[in-house]
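To start, the structure under review is shown below, and the notes come after it.
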Amino acid sequence: MEKIVEATVNDACHILNLQKLAYVSEAEIYNDYTIMPLKEDLETAKKSFEKNIVLKYVEDDVMIGSVRAFQEDGVCYINKLMVHPACRNRGIGQALMEEIEAKFDPVVYRLFTGAKSEKNIFFI
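Shown next, in the form of structure tokens:
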């Protein structure tokens, strides 16, 4: 069974582990293994819950995707969209995007992604 639910700070460790796994492919695209998602520590991941709504995609009781977002001055800032590498190309990222967008009522959405991250640029 699959579902998208709001994550809690208790999920921070699992999200961080997923993030480090998921963002290796981004590091490879840019040939830069010092990108922030790979350097983030548990304390910073926990702190992100103070400002962001964090969603997790769970399949058979295993978290395989996540996204974070917050709204400020009419702008919804979406970041840290991630899907486990073995579970990509199944619409999980799109489902997470649709769900996080439904949580806000902004004038504009902004997705943080790199210029070479073609699969994420699809959402722009």
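Counting along the sequence shown from 1, when you hit position 15 you're at 120 in this note's numbering, and nothing is skipped either side. Each residue gets a CB set at the ideal place from its N, CA and C atoms; glycine is no exception.
Distance, Cα to Cα, residue i vs residue j?
| i | j | result |
| --- | --- | --- |
| phenylalanine 209 | cysteine 181 | 7 Å |
| alanine 112 | isoleucine 140 | 23 Å |
| phenylalanine 227 | isoleucine 134 | With a pLDDT of 49 at phenylalanine 227, under the threshold of 50, the modelled position of this residue cannot be trusted; read the value that follows with caution. If I take the Cα positions, the gap works out to 16 Å. |
| glutamate 206 | leucine 160 | 11 Å |
| cysteine 118 | lysine 151 | 8 Å |
| arginine 215 | lysine 156 | 16 Å |
| phenylalanine 154 | glutamate 145 | 14 Å |
| glutamate 164 | valine 110 | 11 Å |
| aspartate 166 | glutamate 177 | 33 Å |
| valine 188 | isoleucine 120 | 10 Å |
| isoleucine 197 | leucine 123 | 14 Å |
| isoleucine 158 | asparagine 115 | 14 Å |
Mind checking who residue i pairs with in its DSSP beta bridge?
| i | result |
| --- | --- |
| phenylalanine 175 | Tyr182 |
| glutamate 164 | Glu107, Val167 |
| valine 159 | Arg173 |
| valine 188 | Gly170 |
Name the two residues that bound the continuous beta strand (DSSP E) containing residue i.
| i | result |
| --- | --- |
| valine 213 | 213–216 |
Could you tell me the boundaries of the alpha helix (DSSP H) in which residue i lies?
| i | result |
| --- | --- |
| glycine 198 | 197–207 |
| threonine 139 | No alpha helix (DSSP H) holds threonine 139; DSSP gives it neither H nor E. |
| cysteine 118 | 117–127 |
| glutamate 145 | Unbroken run through glutamate 145: none, as it is neither H nor E. |
Have a look at the options and flag the residue whose alpha-carbon is nearest the alpha-carbon of residue i.
| i | options | result |
| --- | --- | --- |
| arginine 195 | Ile205, Gln124, Gly170 | Gly170 |
| methionine 202 | Arg173, Val212, Ala191, Tyr138 | Arg173 |
| methionine 106 | Asn184, Thr149, His119, Tyr162 | Tyr162 |
| methionine 168 | Leu143, Arg215, Tyr128, Cys192 | Cys192 |
| proline 142 | Asn157, Leu126, Glu155, Phe154 | Leu126 |
| leucine 186 | Gln199, Glu177, Thr149 | Gln199 |
| valine 212 | Ile197, Ile120, Gly179, Ala132 | Gly179 |
| asparagine 184 | Glu148, Tyr128, Tyr138, Pro190 | Tyr128 |
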